[in-house]
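Under this note's numbering, the first residue of the sequence shown carries the number 25, and numbering increases by one thereafter. Beta carbons: idealized from backbone N, C-alpha and C, even for Gly. Quantities reported herein were computed from a predicted structural model and do not represent experimental measurements.
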Amino acid sequence: MNAAPDDQLRLLDVQELDSAIDRLEHRRATLPEHAAIEQLTERKSALGDDIVRAETEDSDLGREQAKVDTDVEQVRARMRRDQQRLEGGQVGSPKELENLQSEIESLHRRQTELEDAELEVMEQREEIQTRLAALREELAGIESSLADTAASRDSALGEIAAEIEKTAAQRAETAATLPSELLELYDKLRTSSGGVGAAALHRGQCQGCHLQLNTTDLNRIRDAEPDEVVRCEECRRILVRTAESGI
Ligand SMILES: [Zn+2]
Numbered sequence: 025m026n027a028a029p030d031d032q033l034r035l036l037d038v039q040e041l042d043s044a045i046d047r048l049e050h051r052r053a054t055l056p057e058h059a060a061i062e063q064l065t066e067r068k069s070a071l072g073d074d075i076v077r078a079e080t081e082d083s084d085l086g087r088e089q090a091k092v093d094t095d096v097e098q099v100r101a102r103m104r105r106d107q108q109r110l111e112g113g114q115v116g117s118p119k120e121l122e123n124l125q126s127e128i129e130s131l132h133r134r135q136t137e138l139e140d141a142e143l144e145v146m147e148q149r150e151e152i153q154t155r156l157a158a159l160r161e162e163l164a165g166i167e168s169s170l171a172d173t174a175a176s177r178d179s180a181l182g183e184i185a186a187e188i189e190k191t192a193a194q195r196a197e198t199a200a201t202l203p204s205e206l207l208e209l210y211d212k213l214r215t216s217s218g219g220v221g222a223a224a225l226h227r228g229q230c231q232g233c234h235l236q237l238n239t240t241d242l243n244r245i246r247d248a249e250p251d252e253v254v255r256c257e258e259c260r261r262i263l264v265r266t267a268e269s270g271i
């Protein structure tokens with residue numbers, strides 16, 4: 025294949041722009057914000073689960089507390105009634121009086137038990153509510169970090185997109201000046217050779233595979249017509265001769 029030496033040199037410009045776009049795309053895919061957002065999202069989900077568990081525990085304890093409250097209230101009402109009967113002189117026989125007093129005593133004991141249980145439930149609830157508050161605070165912190173990180177990611181993505189757009193426009197402009205046959209070969213090689221389809225021959229070294237060319241190959245390239253498109257014998261990339269080729 026033949027191409028004017030100027031076209032071959034401009035192909036190196038196209039290569040440089042393509043490599044710049046590749047680097048930008050790599051940067052876009054590997055922004056540290058992506059990993060940070062993933063981690064924060066995982067933590068947020070775990071916290072959400074912890075909060076649901078703690079809320080369930082709290083509402084269970086709330087029901088328990090209400091039940092104890094009701095029981096305490098019932099015992100108190102019963103005691104008031106007994107007390108009124110005692111004070112109202114409605115109790116006839118000593119046997120009945122004895123029964124009543126014994127019932128009041130047992131109600132007292134029951135009240136003490138229930139009040140202890142109530143206190144315990146209240147303490148447990150206080151503990152769980154303290155834990156819930158800490159979990160919710162941590163969640164709020166995570167959500168705020170997530171928002172900050174997403175904003176930073178979006179700003180970086182915006183900058184990269186603008187840079188890619190600018191570079192792609194330059195690339196299209198430069199590529200438009202090249203013969204289509206040369207571009208097709210370059211694109212094909214670029215796809216099959218890790219993004220580099222054309223490389224300069226620099227001081228006897230292929231800048232595509234970074235191997236030093238042997239004397240035979242260098243002689244062959246030196247003897248080739250300036251508009252012949254030469255290829256690296258090692259990596260098959262288009263090898264562009266420049267003023268610094270060392271031939
Ligand atoms: Zn090479």
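CA-to-CA distance, Q125 to R109, given in whole angstroms: 11 Å
Distance, K68 Cα to S136 Cα: First, the residue type needs correcting, since residue 136 is Thr and not Ser in the sequence shown. Going from the Cα of T136 to the Cα of K68 covers about 44 Å.
Would you kindly check if the distance between the Cβ of D178 and the Cβ of E142 is under 8 Å? no
For L237, which residues in the same chain have their Cβ closer than 6 Å to its Cβ, ignoring the five residues on either side in sequence? G228
Figure out for me which residue from H58, I45, L159, E111 has the closest Cα to the Cα of V76. For V76, the closest of H58, I45, L159, E111 by C-alpha to C-alpha distance is L159.
Limits of the unbroken beta strand (DSSP E) element including H50: Here H50 belongs to no beta strand (DSSP E); instead the alpha helix (DSSP H) covers 29 to 53.
Roughly how many angstroms lie between the CA atoms of D31 and D251, to the nearest whole one? 9 Å
Please tell me whether, using a cut-off of 7 Å, the distance from the CB of L41 to the nearest non-hydrogen atom of ligand 1 is below it. no
Between the CA atoms of G221 and T215 - distance to the nearest angstrom: 8 Å
What does the Cβ neighbour count give for H42, buried or exposed, with the cut at 16 atoms within 10 Å? At residue 42 the sequence reads Asp, which differs from the His that was named. Flag for D42 reads buried.
Can you grab the Cα-Cα spacing for the pair E268 / A223, in whole Å? 13 Å
Hey, is L235 close to ligand 1, as in C-beta under 7 Å from one of its heavy atoms? yes
Is A180 near ligand 1, judged by its Cβ being under 7 Å from some heavy atom? no
Which one of D241, Q231, T239, N243 has the shortest CA to CA distance from R261? Q231
Would you kindly check if the distance between the Cβ of T173 and the Cβ of A248 is under 8 Å? no
Verify the contact flag: E258, CB atom, against every heavy atom of ligand 1, threshold strictly below 7 Å. True, at least one ligand heavy atom lies under 7 Å from that Cβ.
Rounded to a whole number of angstroms, what is the C-alpha to C-alpha distance between I166 and K91? 37 Å
Would you call the segment 97 to 106 in contact with the segment 197 to 207, where contact means no fewer than 3 C-beta pairs closer than 8 Å? Result no; under three Cβ-Cβ pairs closer than 8 Å.
Please work out which residues of its chain come closer than 8 Å, Cβ to Cβ, to Q107, disregarding the five sequence neighbours upstream and downstream, and give them in chain order. I128
Opening and closing residue of the alpha helix (DSSP H) in which H58 lies: Where H58 is concerned, the enclosing alpha helix (DSSP H) stretches over 56 to 111.
So, under 8 Å CB-CB, I245 and V254 are touching, yes? Tell me the CB distance rounded to an integer number of Å. 5 Å
Hey, would you say V38 sits closer than 8 Å to T198, going by beta carbons? Against a cut-off of 8 Å, the Cβ pair of T198 and V38 comes out as a contact.
Does the Cβ-Cβ distance between E57 and A180 come in under 8 Å? Cβ distance < 8 Å, so E57 and A180 count as in contact.
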